[in-house]
Amino acid sequence: MPADSPDSPRSPRRRRLLGAGAVALLSPALAQGKGTDTDADKRAAADRTVRVIGPWELSSLDPLRGGYLFARMHVAETLVDYDAQARPVAGLASRWQVSGDGLVWRFALRQGARFHDGSPVRAADVVQALRRALHPAGVLGQAPIAAIDVATDVATDAATDAAIDTEPGAVVRIRLHQPFPALPALLSHSSTQILAPASFGADGAVRAIVGSGPYRIVTLEPPQRFSVAAFDGWQGPVPAVRRASYLAVGRAEMRALMAEAGQAELAYGLDPGSVARLRRGDAVRVLQQPIPRTTALKLNARHPLLADPRARQALSLALDRRGIAQAVLRE
-1 MPADSPDSPR
9 SPRRRRLLGA
19 GAVALLSPAL
29 AQGKGTDTDA
39 DKRAAADRTV
49 RVIGPWELSS
59 LDPLRGGYLF
69 ARMHVAETLV
79 DYDAQARPVA
89 GLASRWQVSG
99 DGLVWRFALR
109 QGARFHDGSP
119 VRAADVVQAL
129 RRALHPAGVL
139 GQAPIAAIDV
149 ATDVATDAAT
159 DAAIDTEPGA
169 VVRIRLHQPF
179 PALPALLSHS
189 STQILAPASF
199 GADGAVRAIV
209 GSGPYRIVTL
219 EPPQRFSVAA
229 FDGWQGPVPA
239 VRRASYLAVG
249 RAEMRALMAE
259 AGQAELAYGL
269 DPGSVARLRR
279 GDAVRVLQQP
289 IPRTTALKLN
299 ARHPLLADPR
309 ARQALSLALD
319 RRGIAQAVLR
329 E
């Protein structure tokens, strides 16, 4: 059975503005820290807006459909986070435990957590967000969840609550139909991020992004751009980057050129051709990090033209896998 999560509410992922992607590009000023030797230079660097560009548009403010960027820019938090080794760590939940039979999970909220509008993060807010995340558009529905509620009496189940030292009403309880050890992984998905009640309109639709992360929204211009600033009410270490902006740029080649020209400090999602070209120069630093993702081509075996296994086999044999790896992926 899963053990307690780390006691510290500070996730290692919080040290980064954005999580690692398949390919990332840093400008020399950000990557190498040029001109930041003196205290004055450090203050100037902190006041500078770090410009981030990537391929992802703000398709929706709703976490179920477009919450990825707000989670990656650390505006909104999820109950559980993860570290660079993909291990679950504390997010809005400072720790958690599962009952001996694997059917009841309890998540103790980080004490003193506040949304960007100054309101406290309550267990009821988390419960509402997670119930909403059970929508088919999200991933939480993959878990066999029977109920999500506030554990008002944390002393009733000694097997579950003995190691959770928190006040009543600050624990979120999730009951399952059957054991599901992967629940923390689903609770780290951006579709489960927790927003303040002020984020929602009278009709229940998301009208604003009021999160609890180290950065707050300053400007929001969907679908292309938004900007953030460090949240003064954040309980953790003061972010080294005080202000940042995000711009969606569709073409990978354009993202590479913008970073090369000094129009962005950080670019994500570069094509293999641009990566190879940039590595030959010294204008930027190219950082590459594998991510746990698989891209697959699937065939509909029920389609009349593909029902015959020989047709599917012929398509498979027609693919030059080595050629694709060398010419397209440059591997």
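The sequence shown lines up with residues -1 to 329 when you count with our numbering.
Ideal placement from N, C-alpha and C gives every residue a C-beta, glycine not left out.
Given the structure is predicted, the values throughout are model-derived calculations rather than measurements.
Pick out whichever of Pro182, Phe105 and Asp60 has its Cα sitting closest to the Cα of Asp332. With the chain covering only -1 through 329, there is no way to say anything about residue 332.
Val73 by DSSP, collapsed to three states: which one? coil
Taking only runs that begin and end inside the stretch 81 to 130, name each unbroken alpha helix (DSSP H) of 4 or more residues, in chain order. The stretch 81 to 130 contains no whole alpha helix (DSSP H) run of 4 or more residues.
So Glu251 is in the alpha helix (DSSP H); what residue range does that whole segment cover? Ala250 to Glu258
What's the call for Val216, buried or exposed, on a 16-neighbour Cβ count within 10 Å? exposed
Status (buried if at least 16 other CB within 10 Å, exposed otherwise) for Gly209: buried
If you draw a straight line from the alpha carbon of Gly52 to that of Arg240, how long is it in whole angstroms? 20 Å
Might you give, ordered along the chain, the residues of its own chain that have their beta carbon closer than 7 Å to the beta carbon of Gly199, omitting 5 neighbours on each side? Excluding sequence neighbours, Gly199 sits near Arg205.
I'd like the ranges of any beta strand (DSSP E) spanning at least 3 consecutive residues and lying wholly in the stretch 206 to 243. 213 to 219 and 223 to 228
Buried or exposed: where does Gly321 fall if 16 or more other Cβ atoms within 10 Å of its Cβ makes it buried? Classification of Gly321: exposed, given that the 10 Å Cβ count is below 16.
Taking the beta carbon of Pro212 as the centre, do at least 16 other beta carbons fall within 10 Å, making it buried, or is it exposed? buried
What is the rounded straight-line gap between the Cα of Asp45 and the Cα of Arg249? 29 Å
Please state whether DSSP places Asp269 in a helix, a strand or coil. Note: Asp269 maps to coil in three-state DSSP.
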